[in-house]
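Report on the structure given below.
Chains as they are written, first to last, in this note's numbering: chain A, 1 to 313; chain B, 1001 to 1431.
Written as structure tokens, this is what we have:
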């Protein structure tokens, strides 16, 4: 397949390590996999291979999406979650991963609460490692499926105005999206309360615009990406209450009207209805939230196929 | 440490720099008799004397380290007095202050006596134990400072626990001053650094690691200076990392407050940008900060605001560091590379002449604690180093003597090297 020629990595640990051409290779591969998502369809490109989902932090959606992606490719899948893992018995991440490796596994998909954990594991193992979220660092497949969704809606990501709204400070989704959208030529605005969208973000990502006023953040945007407000991660010092957040930054129909005509509303899920988004918007005509979920399977299929393929060649 | 009869020495051909006296001779001669410096050897001694040809090298007083950890008691998987002091000697340090956060901590006479006993048997350089300021370095109740003083501690500090309560710090300063004990303080407002992994800035944002703001250090540096003003007691601020903290010390000194301060050698050389690859060996407390902090610290070292360069040697085992970044302990094993790091950053980069850096490694730290060390004066203990400022080298894991390999400078090209180290006229390191 042509797209494989631009892909040589055994791991996907972050968007930071990817070029625009490599992102394009993933998209072209995902395009080809979309038809296989219909019920009753499936492929056998990874037949006889085994993928382990090593999820050391609670997740249902991402783990399920990775499981289905691997199964749609014909692979065997084993999922380990934090309570089942021997990590709780004091084993190190290296030892856990080496043991899984020793069982003849082809790829490990890892979710971990520690930033840098996927990159660490990629350096330790000679099999494919795919990052399904490492602390507040990166969640590359989420950013890829988001950009893939934008590309399918608008034809091209280049030149689009995209606003990411919410908890930027603690969000790995935001970091991966800032990098991915920038590499693809979109203009990114980061919006939310000053405690979650600190001015220093401009030092880390000089190409982005910061906004603490929702109207200016949304006006003229082609898309808004809402981030889940994760009250469990923010100490109470970052904003006073969920109600206060909603009153200042929650997206309702009135505020969604500030967006460009034809603009779309995105969310990585799971959504907090009535907190960062009202149902009228989440279920409204601008919402592409469920398409993101579908695209997520195709994109993850592409990532698993390309990464394990790079090792086979 | 062991002492015995020593052979008289005559060191010839080297440039001799003694910051304490201002001596700087192009090709001078240094003589050692009975383990002490002497102006000249007697005829009998001359006949027995060993001549060391140090042409092309620099002779300077042995370095004094105000902050290191030697692993004992209780953390001998990381370091022992033997390996730690061999590493110190390899780094040119002939006198080191051992931090009291051992296990058990040096908050009692017995632990101090135990450490001194181990050092008497094992140490390759002079070890001065520090005691804790409060029991268990918990910041709640004062440690028995008078008894600790009698047991031989050279200073008191709660090290990385810091003292979070200003009332306790105030009383501790007053009480310690009664015994002539200098209080060393690690400046960190813990309420601002919960879960923090590295300097708060662009790099912590990119890496998704919890940030540690400069203000967490500067707030405590400020309160320490205010308490020094209130109590007029001696306080020494440990391993400052922020340019703002250096400025606070500069102002305090201008007001005549009895404040001194130090910087670790790594903070003169590296910045938070070096953490881009999640190298857990660069996870330090205090954290590496930005280039402007690094330059401000160098400037403060050069103008005398900062009195000393320390190693802040904090060995951790390879296993402890081989994990997810946020689960790794803080610290780096740095004794052996401290001079090279500081020399590379300060002297080789042209910020100051060698004599200035050597002052901050010898008489500077000695003055902080009132130690009779860091000098080449006749009659003083013959602790000295031979240095090659022109040497280019890369530390290798196999070549390091510390029991722990968490030296982040392994594999990095450095300018300036310690060639040999003498303690009391006896060679402790080198060819």
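Backbone N, C-alpha and C fix where the C-beta goes; we use that ideal spot for every residue, glycine too. This one's a predicted model, so the numbers in the text were calculated from it and none came from an experiment.
Spatial neighbours of residue 44/A in its chain, beta-carbon cut-off 7 Å, leaving aside the 5 residues before and after:
74
Please state whether the Cβ-Cβ distance between residue 1388/B and residue 1424/B is less than 8 Å.
no
Counting only C-beta atoms, is residue 195/A closer than 8 Å to chain B at any point?
no
Excluding the 5 residues preceding and the 5 following residue 1279/B in the sequence, name in chain order all residues of the same chain whose CB lies nearer than 8 Å to its CB.
1408
Chain B within 8 Å of residue 137/A, Cβ atoms only:
yes
CB contact check: residue 1206/B to chain A, cutoff 8 Å:
yes
Segments assigned alpha helix (DSSP H), at least 4 residues, entirely inside the stretch 1241 to 1273 of chain B
1243 to 1254 and 1265 to 1269
On the DSSP bridge list, what partners appear for residue 1427/B?
1422/B
Can you say whether residue 38/A is buried or exposed, counting buried as having 16 or more other CB atoms within 10 angstroms of its CB?
exposed
How about residue 115/A: is its C-beta nearer than 8 Å to some C-beta of chain B?
yes
Count Cβ pairs between the stretch 1287 to 1299 of chain B and the stretch 1358 to 1372 of chain B that sit closer than 8 Å; are there 3 or more?
no
Out of 1210/B, 1362/B and 1093/B, which one is the CA nearest neighbour of residue 963/B?
A query on residue 963/B cannot be resolved here, the shown segment of chain B reaching from 1001 to 1431 and no further.
Nearest-angstrom Cα distance between residue 1187/B and residue 154/A?
53 Å
Please decide whether residue 91/A counts as near chain B, where near means a Cβ-Cβ distance under 8 Å.
no
Which residues mark the beginning and the end of the beta strand (DSSP E) in which residue 76/A is found?
76 to 81
Just checking, does the stretch 247 to 267 of chain A make contact with the stretch 282 to 290 of chain A on the three C-beta pairs under 8 Å criterion?
yes
In chain order, which beta strand (DSSP E) runs of at least 3 residues are fully inside the stretch 1041 to 1092 of chain B?
1050 to 1053, 1058 to 1061 and 1063 to 1068
Using C-beta distances below 8 Å, list every residue in its chain close to residue 1344/B, excluding the 5 sequence neighbours before and after it, in chain order.
1269, 1414, 1415 and 1416
With distances taken Cα to Cα, identify the nearest neighbour of residue 1050/B among 1065/B, 1083/B, 1009/B and 1056/B.
1009/B
Give a yes or no on whether the minimum CB-CB distance between residue 1202/B and chain A is below 8 Å.
yes
Option in 1339/B, 1324/B, 1236/B and 1029/B with minimal Cα separation from residue 1305/B:
1236/B
6 Å Cβ shell around residue 133/A - same chain, five flanking residues per side excluded
111, 139 and 172
What are the residues in the stretch 195 to 222 of chain A lying within 7 Å of chain B by C-beta distance?
200, 201, 203 and 204
Kindly confirm or deny that the stretch 1078 to 1089 of chain B and the stretch 1112 to 1129 of chain B touch, where touching means at least three C-beta pairs closer than 8 Å.
yes
Helix or strand or just coil, what does DSSP make of residue 187/A?
strand
So, helix, strand or coil for residue 177/A, using DSSP?
helix
Chain A contact residues for residue 1209/B, given Cβ-Cβ distances below 7 Å
115
Sufficient close CB pairs (3 or more, under 8 Å) joining the stretch 43 to 57 of chain A to the stretch 95 to 107 of chain A
yes
Need the endpoints of the beta strand (DSSP E) that residue 1028/B sits in, please.
1023 to 1033
Can we say the stretch 1137 to 1149 of chain B touches the stretch 1091 to 1108 of chain B, given the rule of at least three CB pairs closer than 8 Å?
yes
Run down chain B in chain order and give the residues with a C-beta less than 8 Å from the C-beta of residue 238/A.
Simply none; closest approach about 12 Å.
Among 1308/B, 1284/B and 1411/B, which has the Cα closest to the Cα of residue 1330/B?
1284/B
The alpha helix (DSSP H) spanning residue 289/A covers which residue range?
289 to 312
Sequence ranges, beta strand (DSSP E) only - wholly within the stretch 1143 to 1175 of chain B, length at least 3:
1155 to 1157
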